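Letter by letter, the sequence shown follows residues 13 to 414 of this note's numbering.
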Amino acid sequence: MSRRSGQKGQIVRKGAMWHIRFYVDVPGQEKRQRKSLPIGPTIGKEKLTKPEAVRKGAELIAKTGVNSAEHLERAVTPSPIVTFGQRVEWCRKYHQAWVDGKPHPIRTMESALTKHILPRFGSLPLDAITETLVQEFAAELKQAIFERRRKNGTLIKTYKLSRKSILNIIDIIKLIVGRRVWATWDWKLPRAPRPRQRYFTQAEIQRIVNATQGQSRVLFALLAGTGMRISEAAGLRVDDLDLINCVIYVRRGIVEGIEQSTKTENGERIIDIDPELADLLRQHLTGRTSGRVFQASNGAPIHAGNLRKRVLHPLLQKLGIPRGGFHAYRHARVTILRKNGTPPELQTRWIGHSSLRTTDGYDHTGEEVEYRQRNAKKVGLGFVIGPNGPKLGESQAKENVA
13 MSRRSGQKGQ
23 IVRKGAMWHI
33 RFYVDVPGQE
43 KRQRKSLPIG
53 PTIGKEKLTK
63 PEAVRKGAEL
73 IAKTGVNSAE
83 HLERAVTPSP
93 IVTFGQRVEW
103 CRKYHQAWVD
113 GKPHPIRTME
123 SALTKHILPR
133 FGSLPLDAIT
143 ETLVQEFAAE
153 LKQAIFERRR
163 KNGTLIKTYK
173 LSRKSILNII
183 DIIKLIVGRR
193 VWATWDWKLP
203 RAPRPRQRYF
213 TQAEIQRIVN
223 ATQGQSRVLF
233 ALLAGTGMRI
243 SEAAGLRVDD
253 LDLINCVIYV
263 RRGIVEGIEQ
273 STKTENGERI
283 IDIDPELADL
293 LRQHLTGRTS
303 GRVFQASNGA
313 PIHAGNLRKR
323 VLHPLLQKLG
333 IPRGGFHAYR
343 HARVTILRKN
353 GTPPELQTRW
363 IGHSSLRTTD
373 GYDHTGEEVE
383 YRQRNAKKVG
393 LGFVIGPNGP
403 KLGESQAKEN
413 VA
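In C-alpha cells:
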C-alpha cells in the first residue's frame with residue numbers, strides 16, 4: 013500500500029445538513045473506503061455557511077487522524093479490532109454487558125447503536141473516537157429534531173432527545189471504547205422537566221379491581237397490595253407463596269418470556285401480605301401446588317406488554333381513569349404505606365429498594381388532598397385563640413397604635 017498524500021475532503025449538502033466526504037484506509041486493502049459524516053445544519057439558527065462547513069470539515073478530518081502516519085501504519089498492519097463497528101461486533105459476542113445483560117438494557121443499547129451511534133462512528137478507527145469528537149456528537153444530538161413514523165411512512169410526532177437520553181448514548185460509546193472517564197459533567201446539555209410518574213389512588217384501585225374478573229382481577233389486586241414489579245409477578249411460582257403465614261417470596265422475574273433474576277439484589281425479598289389477599293390467591297390457585305401463579309391460556313408466562321395493551325389500558329379507558337402502566341401500582345403501594353405510617357425499613361424491604369431515598373421518589377402523599385386535610389386537622393392550630401382573639405401585651409399594643 014503506497015503512502016498517500018493528505019486529503020481535505022469534499023463538502024456536500026445532504027438535505028438540511030452539511031456533510032464531508034473523505035477516504036479511510038482499510039487494513040489489507042489497496043482501495044480506500046469512502047466516508048460521509050455530518051458536519052452541521054444548513055438551515056435554522058445554528059446553520060453553517062459553506063466556508064464554515066469547510067473549516068469544520070477540515071477539523072473533523074484532522075481529529076479522525078486519517079492523514080496521520082499512524083493511521084496508515086494501522087491499515088498496513090491489521091489488528092483483530094480496527095473500526096468502532098468491529099468493536100461493537102466483538103462486544104456483542106464477548107462483553108459482559110451483552111453476555112450477562114438482561115433483555116431490556118440490551119434492547120436499549122442496540123436501539124441507540126442502530127439509530128445514533130453506528131451511523132456516525134461505525135467505520136471510524138477505534139482510536140479516532142476521542143472526547144472532543146464525542147462532545148461534538150453530543151452537541152449535534154442536542155440540536156437535532158427526530159421523527160417517529162408509522163410503517164406506512166406517516167408522521168406520528170417529532171421530538172428532541174432529553175439530557176438523560178444523550179448521556180445514556182455517551183455511556184454506551186464509553187462502554188464500547190473502554191474509556192472510563194470523560195468530563196460529561198461539563199457538557200452543556202438540555203435539562204427537560206421530569207414528568208411526574210402516574211400512580212393509582214386507592215379509589216381508582218378499588219374501581220379497577222371491582223371491574224375486573226378472573227386472573228386479571230387477582231393480578232391487579234396483588235400488584236396493588238404488594239407493590240411488586242409486573243416482571244416479578246410474572247415469575248411467581250406456586251411454591252413462592254406461603255399463604256398460611258401470609259408471605260410471598262420474590263425470587264425471580266420474567267421479561268419478554270425470559271426467566272431471569274430480579275432487577276436488583278434487593279428485588280429478591282420477602283413480602284408480608286394481608287390475609288384477604290392471601291385468601292384471594294388461594295381461591296385463584298384452586299388447589300394447584302405447582303407451576304406459575306399467573307399464566308397465559310397456552311400455559312406460557314404472562315406477557316406484560318400484552319396485558320397492558322389488551323387488558324389494563326382498555327379497562328382504564330372504559331372507567332374514565334387516566335392512563336397508567338403497571339409501575340403505577342408500585343407508586344400507589346408506597347403512597348398507601350406512607351399514609352398509614354408504615355416504618356421506613358419495611359417500606360424499602362417490601363418494595364425492594366436499596367435505600368429510603370429511592371422509595372421517596374415513589375411517594376405521592378402530597379397529591380392526596382383528603383390525606384393532607386385530615387392531617388392538618390389532626391395537628392390543629394398549635395395555639396389557642398380566645399373569644400376576642402389573642403391578648404397583646406401593653407407595650408405591644410402601644411406599638412400597634414403608633
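From the three backbone atoms N, C-alpha and C, an ideal C-beta is built for every residue, glycine too.
Computed from a predicted structure; not experimentally measured.
The beta carbons of Gly-21 and Ile-32 sit about 4 angstroms from each other, so the pair counts as a contact at 8 angstroms.
Within the stretch 261 to 302, the runs of alpha helix (DSSP H) that reach at least 4 residues and sit entirely inside it are, in chain order, 287 to 297. Val-78 is classed as buried because its beta carbon has at least 16 other beta carbons within 10 Å across all chains shown. With a 10 Å radius around the Cβ and a threshold of 16 neighbouring Cβ atoms, Ile-23 comes out buried. Take His-296, set aside five residues on each side of it, and the residues of its chain with a beta-carbon closer than 8 angstroms to its own are Gln-227, Val-230 and Val-305, in chain order. Nearest to Phe-212 by alpha-carbon distance, out of Arg-119, Ser-302, Arg-46 and Arg-342, is Arg-342.
The C-alpha of Phe-34 lies about 26 angstroms from the C-alpha of Gly-190. Boundaries of the alpha helix (DSSP H) harbouring Phe-149: 143 to 155, taken from the DSSP string. Distance from the CA atom of Lys-127 to the CA atom of Leu-255, rounded to whole angstroms, is 48 angstroms. If you check the CB distance, His-365 and Asn-278 come in under 8 angstroms. Pairing Gly-269 with Pro-313 gives a Cβ-Cβ distance under 8 angstroms. Contact between Thr-377 and Arg-345 is absent: CB atoms are separated by about 12 angstroms, not below the 8 angstroms threshold. Between Arg-162 and Lys-169, the C-beta spacing is not below 8 angstroms. Note: Met-29 is bridge-paired with Lys-26 and Pro-53 in the DSSP secondary-structure output.
Check the Cα spacing between Thr-76 and each of Lys-186, Leu-49 and Leu-187: the tightest is with Leu-49. For a cut-off of 8 angstroms, the C-beta gap from Ile-242 to Asp-252 is around 15 angstroms, too long to register as a contact. For Arg-161, no alpha helix (DSSP H) run applies; the uninterrupted beta strand (DSSP E) run containing it begins and ends at 158 to 161, by DSSP. In the DSSP assignment, Thr-95 forms a beta bridge with Pro-137. With 16 or more other Cβ atoms inside 10 Å of its own Cβ, Thr-238 counts as buried.
Secondary structure at Arg-208: coil, using DSSP grouped into helix, strand and coil. By the CB criterion at 8 angstroms, Gly-52 and Ala-70 fall outside the cutoff. When secondary structure is reduced to three states using DSSP, Phe-395 falls in the coil class, being assigned neither helix nor strand. Cβ neighbours of Ser-302 within its own chain (closer than 6 angstroms, five residues either side excluded): Val-250. A distance below 7 angstroms between beta-carbons, with the five flanking residues on each side excluded, links Leu-72 to the following residues of its chain, in chain order: Ile-32, Leu-49 and Ile-51. In terms of Cβ geometry, Met-29 and Thr-54 form a close pair [threshold 8 angstroms]. In this chain, the beta strand (DSSP E) harbouring Thr-170 covers 167 to 171.
In this structure, the alpha-carbon of Phe-133 lies about 17 angstroms from that of Lys-154. According to DSSP, residue pairing for Val-259 in a beta bridge involves Asp-254 and Asp-284. For the options Cys-258, Tyr-171 and Trp-110, the alpha carbon positioned closest to that of Phe-158 is the one of Tyr-171.
Residue environment analysis places Tyr-106 among the exposed positions, since fewer than 16 neighbouring C-beta atoms fall within 10 angstroms of its C-beta. With fewer than 16 other beta carbons inside 10 angstroms of its own, Thr-298 counts as exposed. Under the three-state reduction of DSSP, Arg-46 is assigned to strand. Going by C-alpha positions, Ala-74 is about 16 angstroms away from Arg-46. The three-state secondary structure of Phe-34, taken from DSSP, is strand. Just so you know, the alpha carbons of Leu-292 and Ala-245 end up roughly 15 angstroms apart. Listed as beta-bridge partners of Pro-313 by DSSP are Gln-307.
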